[in-house]
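Enquirer: Per the numbering used here, the very first residue in the sequence shown carries number 397; after that it's consecutive.
Beta carbons are placed, not taken as given, at the ideal position from N, Cα and C, and that holds for glycine.
Because the structure is a prediction, the values reported are computed rather than measured.
Attaching a single structure in structure tokens format; questions to follow.
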Amino acid sequence: MAATKDQVESTLQLKLNPSHLEVVDTSGGCGASFTIEIVSEQFEGKRLLERHRLVNGALVEEMKHIHALSITKALTPDQWKQQLAKKSEEAAA
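And the structure:
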């Protein structure tokens, strides 16, 4: 049984309570490959590797059916705000 985008989103919402979450099924619909962008307070004080481990740990059941998982962003809310502000400044320039 393949993992679905909805399952991945639901699990991450439940376990990491993100303020921003974007899950993209890059497998063409078979549920074997996803990219994830996630912002969570649970990442505060953690290094990038620890953040990725939290995401992978939250998806332990889904990972049995996922062949490729790319975590493109795993940020704290403050880091996310800074990144959005920087993009706004660049767009205004």
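Which two residues bound the contiguous alpha helix (DSSP H) that contains Val404?
Expert: Numbered from its first residue, the sequence shown carries residue 404 at position 8. Taken as a continuous stretch (DSSP letters only), the alpha helix (DSSP H) holding Val404 covers Lys401 to Leu412.
Enquirer: Since Lys469 is in the beta strand (DSSP E), which residue starts that stretch and which ends it?
Expert: As a working note, residue 469 is residue 73 in the sequence shown. Per DSSP, Lys469 belongs to the beta strand (DSSP E) from Ala464 to Leu471.
Enquirer: How about Phe430 and Ala464: do their beta carbons lie closer than 9 Å?
Expert: Residue mapping note: residue 430 aligns to position 34 of the sequence shown, counting from 1. Residue mapping note: residue 464 aligns to position 68 of the sequence shown, counting from 1. Yes. Within cutoff.
Enquirer: My output table needs one value for Leu417: the three-state DSSP class, helix, strand or coil.
Expert: Sequence index remark: in the sequence shown, residue 417 carries index 21 (1-based). DSSP places Leu417 in strand when its eight states are reduced to three.
Enquirer: Going by beta carbon distance, what residues of the same chain come within less than 7 Å of Gln403, once the five residues before and after it are set aside?
Expert: If you number the sequence shown from 1, residue 403 lands on position 7. The answer, listed in chain order, is Glu458.
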